[in-house]
Ligand SMILES: [Zn+2]
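Numbering (our numbering), first residue to last: 2 to 354.
What follows is the structure, given as structure tokens:
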């Protein structure tokens, strides 16, 4: 073979060794390109002045690719499929508190990890954002996958302008031992007033208002066997106990011996120009929304209006004793419309529109 032959053999050996090393290296590189989840935490923070709940997952490296989805049969679950990712030592199932109920971490296929974040509400009602953050060596922060969920929920649906930062007392008329008026097919005033008032509350709270309810369930506010005066004063007291209260809105349904009586009425206390303004806006919005007859904005000596320390209005949504209007009052969609109308009127009251 001689010298030349030896060199060729050495060359081939060196070449093969190099190829082997490269092979090992490339498989090492492949392993290193897999993402690994390193930790999970959730906390409250502020993003552009908006309060959010943040769900944060640490990653061993940048460049995560993920896909976001929801399933119709599990509306409260946000699914994130992470490409080329292993769960590492992250626990499979974590109980959370607040808007996020639990997190499930699962390697559904080899190096394909699925996160299922369960919320207390349907995902479509949430305002949220999913994004990744690169590793920041200066701040010693690893690469992260972040899900920010707004504490205020979706602003577009079920919200209204002008109420942010204001304090409003909502009074669902009657309740508990007092059914209020009863419609020809048995609908009770107390259930309508509670349903509508709760919807108003949700809209106002979604819009950043502080809402206090005189009652939030089917109950007497003062207690069973109270006199009318005690019961009504208990409702006024709810607003007196909250010093920030700016307005008081009491929700009722009208009733009359003749089933033909129908339409919308709103009331204010005669001595209160701001109460009149509130009642007039409520009347206008309720008419526009509900399409019923206008019976006008009237002054009255009702207890809750007379004793309120703040501008107050009492609305009669419609006549529960009228067959057609009773049907409307029982309808969830119609109730939602009325609730939006009341919330809009309150927004206009505060914004001066
Ligand atoms: Zn009533």
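We put the beta carbon where it would ideally sit given N, CA and C, even for glycine.
Please classify residue i as buried or exposed, where buried requires at least 16 other C-beta atoms within 10 Å of its C-beta.
| i | result |
| --- | --- |
| residue 228 | exposed |
| residue 36 | buried |
| residue 257 | exposed |
| residue 93 | exposed |
| residue 28 | Note that residue 28 scores a pLDDT of 48, beneath 50, so its modelled location is shaky and nothing firm can be said. |
| residue 49 | exposed |
| residue 313 | buried |
| residue 14 | exposed |
| residue 317 | buried |
| residue 200 | buried |
| residue 137 | exposed |
| residue 255 | buried |
| residue 116 | buried |
| residue 173 | buried |
| residue 336 | buried |
| residue 345 | buried |
| residue 163 | buried |
| residue 309 | buried |
| residue 106 | buried |
| residue 242 | exposed |
| residue 286 | buried |
| residue 40 | exposed |
Taking the continuous beta strand (DSSP E) assigned at residue i, which residues delimit it?
| i | result |
| --- | --- |
| residue 258 | Counting along the chain, residue 258 falls outside any beta strand (DSSP E), and DSSP gives it neither H nor E. |
| residue 1 | Given a span of 2 to 354 for the chain in the structure shown, any question on residue 1 remains unanswerable. |
| residue 94 | 94-96 |
Could you check whether residue j and residue i sit closer than 8 angstroms to each other, using their CB atoms as the reference points?
| i | j | result |
| --- | --- | --- |
| residue 146 | residue 67 | yes |
| residue 213 | residue 197 | no |
| residue 391 | residue 144 | No answer is possible for residue 391: it lies beyond the span of the chain, which begins at 2 and ends at 354. |
| residue 235 | residue 222 | yes |
| residue 320 | residue 262 | yes |
| residue 114 | residue 83 | yes |
| residue 247 | residue 169 | yes |
| residue 322 | residue 182 | yes |
| residue 298 | residue 281 | yes |
| residue 284 | residue 300 | no |
| residue 176 | residue 220 | yes |
| residue 57 | residue 43 | yes |
| residue 259 | residue 208 | no |
| residue 104 | residue 97 | yes |
| residue 327 | residue 188 | yes |
| residue 120 | residue 101 | yes |
| residue 315 | residue 306 | yes |
| residue 118 | residue 86 | no |
| residue 304 | residue 230 | yes |
| residue 204 | residue 341 | yes |
| residue 77 | residue 124 | yes |
I need the boundaries of the alpha helix (DSSP H) containing residue i, first residue and last residue.
| i | result |
| --- | --- |
| residue 217 | Segment: none, residue 217 is in no alpha helix (DSSP H) and carries neither H nor E. |
| residue 229 | 229-242 |
| residue 64 | Careful: residue 64 lies outside any alpha helix (DSSP H) and carries neither H nor E. |
| residue 298 | No alpha helix (DSSP H) holds residue 298; the beta strand (DSSP E) holding it covers 295-300. |
| residue 283 | 274-291 |
| residue 305 | 304-307 |
Tell me the DSSP bridge mates of residue i?
| i | result |
| --- | --- |
| residue 59 | 40 and 145 |
| residue 266 | 317 |
| residue 81 | 69 and 116 |
| residue 137 | 142 |
| residue 246 | DSSP output for residue 246 lists no bridge partner at all. |
| residue 45 | 54 |
| residue 223 | Answer by DSSP bridge pairing: none, since residue 223 is not bridged. |
| residue 251 | 172 and 315 |
| residue 151 | 53 |
| residue 130 | 149 |
Between residue i and ligand 3, is the CB less than 7 angstroms from at least one heavy atom?
| i | result |
| --- | --- |
| residue 51 | Here the bound small molecules are ligand 1; ligand 3 is not part of this structure. |
Exercise for the section: List in chain order: all unbroken alpha helix (DSSP H) runs of 4+ residues lying wholly within the region 155-215. Expected result: 190-207
Handout entry: Start-end ranges of the alpha helix (DSSP H) lying completely within the region 321-346, minimum 4 residues
Key = 324-331
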